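Enquirer:
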Amino acid sequence: MGIKAFLSKPYAKYIHQKVLSSARNAVKHQNEIFFTLIGAAKNTLFGIDHQFDKIKTYEDFKNRVPVRDYEQLKPYIDKTVAGQSDILWPGKPLYLCKTSGTTSGTKYIPLTKASMPNHINSAKEALLCYIALTGKSSFVDGKMIFLQGSPALNNQNGIPIGRLSGIVAHHVPKYLQKNRMPGYHTNCIEDWETKVRAIADETLKEDMRLISGIPSWVQMYFEILIEKSRKNTISEIFPQFSLFVYGGVNYEPYRPRFEKLIGKKIDSIELYPASEGFIAYQDTQDEPGMLLTVNSGIFYEFIPADEFFKENPTRISLKDVELNKNYAIVLSTNAGMWAYNIGDTVKFVSLNPYRLIVTGRIKHYTSAFGEHVIAEEVEYAMQEALKECGGEVIEFTLAPQVTPQQGELPFHEWFIEFNQLPSDIDRFKKVLENAMCKKNIYYNDLIKGNVLQNLKISLLGKNAFNEYMKSQGKLGGQNKVPRLSNDRKIAQGLEVYKIKTI
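Under this note's numbering, the sequence shown has 573 at position 435, and the numbering climbs by one with no breaks.
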């Protein structure tokens, strides 16, 4: 055991105890953060406009500060981007995080000196909790890779601008810099395919022990490594690779393919970072869900997902959330994002401590026939089908077909790129359908009532999703294929890659 791995264990135990203490006092910390945020921003333009000096309770806050999305908050953000001070938060931001929006084009999310520790410390806490609870720390002595966006920053009105992962790369602790890969110049390559191949070349002979990234892009990296090395598995290339850290999508549909690529089962840690704040992370290998970061500069609100588009939806703080109920998550942060709808839906799987899972996006659903299918349901159905029928999935998405051929009923169309087909694709389709009916009663009623015909699977050719994402200018980085949609936009882009429809 190396010196870093040895020293990490007592430090991990210390941090883990602090995390437990925060988790036990979650509501207390949330109340404290609420009043700290209001007090700090009362003299900003936003604070003055919304009479922060008169806010004495959470009810006051709800009455004065409506829930907003990016477009609604944009007039304040535009002033911030223009270099004005004291708009959403005292002073100017430390950085502007550049991210892509589906309706807003490029978005700029402020990161402040007060908010940066949330982004840095949360990932560190996740790793230290893992060490404290498993006793496994050898990965600290080897090389680590984070597949991410470019760390190169631009400057606008005196404020550095870049992708979140690139910004965070500038704050990696010095004691980890020698372990971290790839090198700066490789990380700055803009073309994703060129970049991943360069990363593979750079890391092929290294002692990689921790690998992190969005599963679909890590899968690409693994396949290139195997191609270049002429080995059969990643564990032959990196014998001491022991920990996979991921975020952004549900890992379970990818797991069978990953375990085949790696050649063995390894531990994994799920993270829930967003440009607006690092929301949660997996703190244990034994319990489902991710631990909410309750004492890290973010005040959380929740709106029941089935009420979100109503005129006056229920809006609650952490103390009133319920188990197994879908909520749209709303943030107010020490970067000045006030009652901000980040677009995600979550479900609490534990209230002591507060652990959640991400169930989808509030705008990503399929409800062309009133069924309101969400990402959690399609991912469950896919997992059930893979578990029962085998096969390896590269990627998939679902879209409604409301204008089928004459004489046919409408249906749900699943676009699936398999690495390995199930032995019986018809049985796979049936299990997928049954799991969907089990998970969503409205869909079940539509099938039984002959409003919809059974789902169809459109098999896609090799690299279909990568080619589609490249055509949209969204290959790599933090970009992800939506699991489902309520229109045919993505479906139309994938039509060209169809091999067969079942």
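Using N, Cα and C, we set each Cβ at its ideal position, and we do this for glycine too. If you're wondering where the values come from, they're calculated on a predicted model, not measured in any experiment.
#1: Answer yes if the segment 590 to 605 comes into contact with the segment 554 to 570, meaning at least three C-beta pairs across the two stretches below 8 Å, and no otherwise.
#2: What residues match up with Q558 in a beta bridge as DSSP calls it?
#3: Helix, strand or coil: how does DSSP classify M475 here?
#4: Let me know if N472 comes out buried or exposed under the rule of 16 or more other beta-carbons within 10 Å of its beta-carbon.
#5: Measure the C-alpha to C-alpha separation of D405 and D198 and round it to an integer number of angstroms.
#6: Out of A164, A338, N388 and V383, which one is the CA nearest neighbour of K366?
#7: Does DSSP classify N552 as helix, strand or coil?
#8: Secondary structure at Q423, three-state DSSP: helix, strand or coil?
#9: Would the beta-carbon of V531 fall within 8 Å of that of F556?
#10: Rounded to the nearest angstrom, what separates K576 and G631 at their Cα positions?
#11: Roughly how many whole angstroms lie between the Cα atoms of Q543 and T639?
#12: Around the C-beta of M139, are 16 or more other C-beta atoms found within 10 angstroms, so that it is buried, or is it exposed?
#13: Which residues mark the beginning and the end of the beta strand (DSSP E) in which M428 is found?
#14: Per DSSP, what kind of secondary structure is H188 in: helix, strand or coil?
#15: Tell me which residues share the same chain as S275 and place their Cβ nearer than 6 Å to its Cβ, disregarding the 5 neighbours each side in the sequence.
#16: Name the DSSP beta bridge partners of C235, please?
#17: Identify whether G631 lies in helix, strand or coil by the three-state DSSP scheme.
#18: On the three-pair Cβ rule with 8 Å, is the segment 401 to 418 touching the segment 216 to 223?
#19: What does G385 pair with, by DSSP beta-bridge criteria?
#20: Provide the residue(s) that pair with A418 in DSSP beta bridges, ordered along the chain.
#21: Can you tell me where the alpha helix (DSSP H) holding G177 begins and where it ends?
#22: What are the boundary residues of the alpha helix (DSSP H) that Y196 is part of?
#23: Using a Cβ-Cβ distance under 8 Å, would I225 count as near chain B?
#24: Using the three-state DSSP reduction, which class does I640 fall into: helix, strand or coil?
#25: Please classify L547: is it buried, with 16 or more other beta-carbons within 10 angstroms of its beta-carbon, or exposed?
#26: Count Cβ pairs between the segment 617 to 626 and the segment 283 to 299 that sit closer than 8 Å; are there 3 or more?
#27: Under 8 Å by Cβ, that's how I've got K333 and T324 pegged, so tell me the actual separation to the nearest angstrom.
Expert: According to the data block:
#1: Below 8 Å, enough C-beta pairs join the segment 554 to 570 and the segment 590 to 605 to call them touching: three or more.
#2: In the sequence shown, the residue the question calls residue 558 occupies position 420. Beta-bridge annotation (DSSP): Q558 is paired with E530.
#3: As a position in the sequence shown, residue 475 is number 337, starting the count at 1. Note: M475 maps to coil in three-state DSSP.
#4: The residue labelled residue 472 in the question sits at position 334 within the sequence shown. A buried status is given to N472, since no fewer than 16 other beta-carbon atoms sit within 10 Å of its beta-carbon.
#5: Here residue 405 is taken as the residue at index 267 of the sequence shown, counted from 1. Here residue 198 is taken as the residue at index 60 of the sequence shown, counted from 1. Whole-angstrom Cα-Cα distance: 45 Å.
#6: On the sequence shown, position 228 is the one that residue 366 refers to. It is A338.
#7: Translated into positions along the sequence shown, residue 552 becomes position 414. Looking at the sequence itself, residue 552 is Trp, so the reference to Asn does not match. W552: strand per DSSP, three-state reduction.
#8: Here residue 423 refers to the residue found at position 285 of the sequence shown. In this structure, Q423 counts as coil in the three-state DSSP scheme.
#9: Taking the sequence shown and counting its residues from 1, one reaches residue 531 at position 393. Taking the sequence shown and counting its residues from 1, one reaches residue 556 at position 418. Yes, they are a contact pair.
#10: Position 438 of the sequence shown, counted from the first residue, corresponds to residue 576. Position 493 of the sequence shown, counted from the first residue, corresponds to residue 631. Their backbone Cα atoms lie some 30 Å apart in a straight line.
#11: If you number the sequence shown from 1, residue 543 lands on position 405. If you number the sequence shown from 1, residue 639 lands on position 501. Cα-Cα distance, rounded: 13 Å.
#12: One-based indexing of the sequence shown puts residue 139 at position 1. Exposed, by the Cβ-count rule.
#13: Position 290 of the sequence shown holds residue 428. For M428, the uninterrupted beta strand (DSSP E) run begins and ends at M428 to L430, by DSSP.
#14: Translated into the one-based positions of the sequence shown, residue 188 becomes position 50. Looking at H188 - three-state DSSP - the assignment turns out to be coil, as it is neither helix nor strand.
#15: Here residue 275 refers to the residue found at position 137 when the sequence shown is read from its first residue. Apart from sequence neighbours up to five positions away, the residues of its chain that approach S275 with a beta-carbon distance below 6 Å are A143, S146, K147 and I269, ordered along the chain.
#16: Within the sequence shown, numbered from 1, the residue matching residue 235 stands at position 97. Residue pairing of C235 in beta bridges, as defined by DSSP: I247 and G300.
#17: Counted from its first residue, the sequence shown places residue 631 at position 493. Note: G631 maps to helix in three-state DSSP.
#18: As far as the Cβ criterion goes, the segment 401 to 418 does not touch the segment 216 to 223, which means the pair count is below three.
#19: Counting from 1 along the sequence shown, the entry for residue 385 is found at position 247. Per DSSP, the beta-bridge partners of G385 are L409.
#20: Reading the sequence shown from its first residue, position 280 is the one you call residue 418. Residue pairing by DSSP places A418 opposite Y410 and L430 in a beta bridge.
#21: Here residue 177 refers to the residue found at position 39 when the sequence shown is read from its first residue. It spans A164 to A179 - the alpha helix (DSSP H) in which G177 sits, taken as one unbroken run.
#22: For the purposes of this step, residue 196 is identified with residue 58 of the sequence shown, where counting begins at 1. Where Y196 is concerned, the enclosing alpha helix (DSSP H) stretches over Y196 to R202.
#23: Of the protein chains in this structure there is only one, and it is not chain B.
#24: The residue given as residue 640 occupies position 502 in the sequence shown. Coil at I640, not helix or strand.
#25: The residue given as residue 547 occupies position 409 in the sequence shown. Exposed: under 16 other Cβ atoms inside 10 Å.
#26: Short answer: they don't touch.
#27: By 1-based counting over the sequence shown, the position of residue 333 is 195. By 1-based counting over the sequence shown, the position of residue 324 is 186. The pair is a contact, with the Cβ atoms about 7 Å apart (cut-off 8 Å).
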